[in-house]
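Chemist: In case it helps, this note's numbering puts the sequence shown at residues 1353 to 1620.
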Amino acid sequence: MAAKIHPTAIIGQDVTLGEGVEIGPYCVVEDHVSIGAGSRLIAQCNVASYTSMGEENVLYPFASIGNDPQDYAYDPSQGPSYTRIGNKNKFREGVTVNRGTHAGTETVIGDGCFLMANAHVGHNCVIGNNVILVPFCAIAGYCQIGDKCLISGLSAIHQFCRVGRMAVLSGGSAISMDLPPFMIGDGRNGGIRGYNVVGLRRNGFPAETIRTIKELYNIFFRQGLSMPNAIARAEAELPHIPEVEEFIEFVKTTKRGILPGDHHGHRA
């Protein structure tokens, strides 16, 4: 089925539209854009130059995808930078996604993500698969967000931070350090507040794996240990399952540091 383009939409040069793409009223699709089959731009959306989108993405009114980075280092005379979007993502009203800053670099969003109203993804971010960004959250440049993370409303993530797989950031938080996989971060009250037991259960993790992740939480964030001592203890005492190895590798490779634990209040 051929693409359907509303007569008020503006389509640039060198644009590739897949089968069944729908471009609604007053949308603007700039030059050098690719939009995969079955995608819908409902109305008044902007897809900027050098954006590639996979199949079955949906853009709601006033979503702006792939526009210039909000970075003084951006110099378009050096050549194009890019935005790369996977399949089956939803971009609700007012979402903004900026392309890479330097020539040849890109901002990447995976598959199956849900970006709710007015969420922002900064330049050069890498967003994994099945990530949920709740309204008005803001992710600064060069951040990495792992698969199946939940970034709650009105939260902010400092540039270059990482959020590990299946982590949760609580509403209204602001963080400037890394949030490890499977943990719950609360930037309002100092750091790690627990582990994502609900998400682990919903995703079918075995009970024994969940108990081991609980032990990771207790070792790293309840005992007051230094990170090197916590790593040594976890490696010595916990089973060498993929989730433990993933967590420890994340901690070992941090550049911004790891959010601290809550040693006095919450107990898992």
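For each residue, glycine too, the CB sits at the ideal point set by N, CA and C. The structure displayed is predicted, hence computed values, not measured ones.
Out of Q1430, F1599, V1447 and D1463, state which residue places its alpha-carbon closest to the alpha-carbon of H1454.
Modeler: Q1430
Chemist: May I ask which residues mark the beginning and end of the beta strand (DSSP E) holding G1551?
Modeler: That residue, G1551, is in no beta strand (DSSP E); its alpha helix (DSSP H) goes V1549 to R1554.
Chemist: G1546: which of A1584, T1561, C1501 and Y1569 sits nearest, CA to CA?
Modeler: Y1569
Chemist: For a quick check, are the C-beta atoms of T1448 and A1425 less than 9 Å apart?
Modeler: no
Chemist: For L1369, which three-state DSSP category applies?
Modeler: strand
Chemist: Excluding the five sequence neighbours on either side, which residues of its own chain have a C-beta within less than 6 Å of the C-beta of R1444, listed in chain order?
Modeler: Y1412, M1468 and A1469
Chemist: Counting pairs of beta carbons, one from the stretch 1574–1581 and one from the stretch 1504–1516, are three or more of them closer than 8 Å?
Modeler: Between the stretch 1574–1581 and the stretch 1504–1516 there are fewer than three C-beta pairs closer than 8 Å, too few to call the two in contact.
Chemist: Over what stretch of residues does the alpha helix (DSSP H) that includes E1601 continue unbroken?
Modeler: Counting along the chain, the alpha helix (DSSP H) containing E1601 begins and ends at P1594 to K1604.
Chemist: Answer with buried or exposed for D1366, where buried requires no fewer than 16 other C-beta atoms within 10 angstroms of its C-beta.
Modeler: exposed
Chemist: Starting from Y1569, trace the alpha helix (DSSP H) both ways and give me its first and last residue.
Modeler: A1559 to F1573
Chemist: Are A1355 and V1380 closer than 9 Å when you measure CB to CB?
Modeler: No. Outside cutoff.
Chemist: May I ask which residues mark the beginning and end of the beta strand (DSSP E) holding E1458?
Modeler: E1458 to I1461
Chemist: For a test of the three-state rule: what should DSSP assign to M1518, helix, strand or coil?
Modeler: coil
Chemist: Keeping to the same chain, check which residues put their C-beta closer than 6 Å to that of I1571; ignore five residues upstream and five downstream.
Modeler: Same-chain partners within the cutoff: A1582, R1585 and A1586.
Chemist: When the Cα atoms are used, what is the spatial distance from R1451 to A1415?
Modeler: 14 Å
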